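Quick note: the sequence shown uses this note's numbering, first residue 8, plus one each step.
Note that the Cβ used here is the ideal one computed from N, Cα and C, for glycine as well.
Computed from a predicted model, the values in this text were never measured in an experiment.
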Amino acid sequence: MKLDSRGIIREGSVVCENDVIIRKTIRRDGKNSERVDSSVVHKLEETGFVDKVYITKNAEGNTLVKVRVGFIRLPIMGDKFASRHAQKGTCGIVLPEADMPFTSQGIRPDIIINPHAIPSRMTIAHLIECVTSKKAALTGKFEDATPFQDSEGQMVRHIEQVGTALHSHGFQSRGEEAMYSGMTGEMLTGTVFIGPTYYQRLKHMVMDKRSARDRGPMQNFTRQPANDGRKNGTRYSSIKVGTMENDVAASQGAQAFLRDRLLYSSDYYQTEVCDTCGMFCAGSTCKCNTTTSTITMPYAFKLVHNNITAMQIKASLRTHSRRCEEEEE
Ligand SMILES: [Zn+2]
8 MKLDSRGIIR EGSVVCENDV IIRKTIRRDG KNSERVDSSV VHKLEETGFV
58 DKVYITKNAE GNTLVKVRVG FIRLPIMGDK FASRHAQKGT CGIVLPEADM
108 PFTSQGIRPD IIINPHAIPS RMTIAHLIEC VTSKKAALTG KFEDATPFQD
158 SEGQMVRHIE QVGTALHSHG FQSRGEEAMY SGMTGEMLTG TVFIGPTYYQ
208 RLKHMVMDKR SARDRGPMQN FTRQPANDGR KNGTRYSSIK VGTMENDVAA
258 SQGAQAFLRD RLLYSSDYYQ TEVCDTCGMF CAGSTCKCNT TTSTITMPYA
308 FKLVHNNITA MQIKASLRTH SRRCEEEEE
């Protein structure tokens with residue numbers, strides 16, 4: 008049992024999809040009605056662990072329980088990272104360590120960034136942090152890598168000091184090193200600027216954003232697929248085929264595809280239409296006493312038709328059998 012005698016999950020327990028975290032019941036209608044289950048459930052597909060359970064009382068004196076669930080996530084392709092110089096980016100590929108390039112000392116970088124990110128943004132402090140950290144790692148002393156110096160000369164002196172320190176430890180003074188390809192072992196033709204830089208993992212992770220859907224919840228009003236799936240912790244969410252996507256498909260002549268997206272996979276709806284007056288007619292609502300035809304349409308069309316009717320405008324549908332009668336006449 009993951010729950011204790013009070014019906015609250017124990018700290019440290021592993022929680023999977025649909026596991027109960029807090030067991031509780033409520034009375035739906037009044038004091039003496041039957042108790043109904045309203046337990047708090049772990050909705051995410053991702054397996055986590057209970058990090059902390061808080062139990063207190065709220066202002067009304069009722070017991071208040073908060074459960075914090077944690078997840079262990081290794082960085083994967085698509086996760087977002089940033090240095091402390093407004094240099095953010097997403098991970099493009101995760102390589103086996105053996106395939107990463109290495110220095111003459113055998114040091115392999117954790118990440119490789121594209122140098123085109125530097126000149127346009129002018130984040131000089133990024134480079135200063137890198138080169139100063141390199142010196143600090145070699146000397147074992149704390150260093151101040153701030154770009155906010157009293158004068159330009161002081162900054163230049165700092166860089167020169169770092170340069171001489173690197174040089175005295177057998178490194179190139181500008182922080183560049185010759186590197187070797189992890190895949191072939193050959194030395195790379197150019198030198199590479201390399202050094203320790205503090206990086207943060209940002210909260211935007213592909214695990215939270217990726218979603219897929221075949222069938223799933225529909226909106227109540229339009230009967231079209233709901234697109235807010237991720238927000239509610241479920242994995243169902245759809246990507247809209249809007250007017251512009253419609254135009255693209257239409258320009259390719261992909262009519263069957265359009266019909267599939269905008270009707271069969273969306274808000275497919277069938278209803279009866281009176282062959283005489285052309286109104287929606289479930290049985291004998293229009294009192295014409297004639298035949299009806301089963302018509303297929305998107306539910307959105309029926310909705311618009313209802314709205315128009317509500318405005319006292321009669322928009323009648325000419326069914327196939329009604330058209331045939333008219334042609335005969
Ligand atoms: Zn009718």
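Quick check: does the Cβ of residue 283 come within less than 7 Å of any heavy atom belonging to ligand 1? yes
Identify every residue that forms a DSSP beta bridge with residue 318. None; residue 318 has no bridge partner.
What is the DSSP secondary structure of residue 141, reduced to helix, strand or coil? helix
Residue 286 Cβ short of 7 Å to ligand 1 heavy atom set: yes
Please name the residue in 82, 36 and 29 whose C-alpha comes closest to that of residue 60. 29
Write down every uninterrupted run of the beta strand (DSSP E) in the stretch 190-220 whose length is 3 residues or greater and which is fully enclosed by it, in chain order. 194-200 and 206-208
Would a C-beta distance cut-off of 8 Å place residue 201 and residue 184 closer than the cut-off? yes
Quick one: what's residue 81 bridged to in DSSP? Partner(s): none; residue 81 has no beta bridge.
Rounded to a whole number of angstroms, what is the C-alpha to C-alpha distance between residue 70 and residue 81? 36 Å
Local conformation of residue 230 per DSSP, three classes: coil
I'd like to know whether the C-beta atoms of residue 316 and residue 300 end up nearer to each other than 8 Å. no
Determine the closest residue to residue 283 out of 259, 314 and 331, with distance taken between C-alpha atoms. 331
Would you kindly report the start and end of the unbroken beta strand (DSSP E) that includes residue 278? 275-281
So is the beta-carbon of residue 293 under 7 Å away from any non-hydrogen atom of ligand 1? yes
Whole-angstrom distance between residue 270 and residue 206, CA atom to CA atom: 48 Å
Is it right to say residue 281 is buried, meaning 16 or more other beta carbons lie within 10 angstroms of its own, or is it exposed? buried
Distance, residue 274 Cα to residue 223 Cα: 12 Å
Does the CB of residue 160 have a neighbour CB from chain D at under 8 Å? The structure shown contains no chain D; it is built from a single protein chain.
What does the alpha-carbon distance come out to for the pair residue 336 and residue 221? 48 Å
Residue 102 vs residue 141 beta-carbon contact at 8 Å: no
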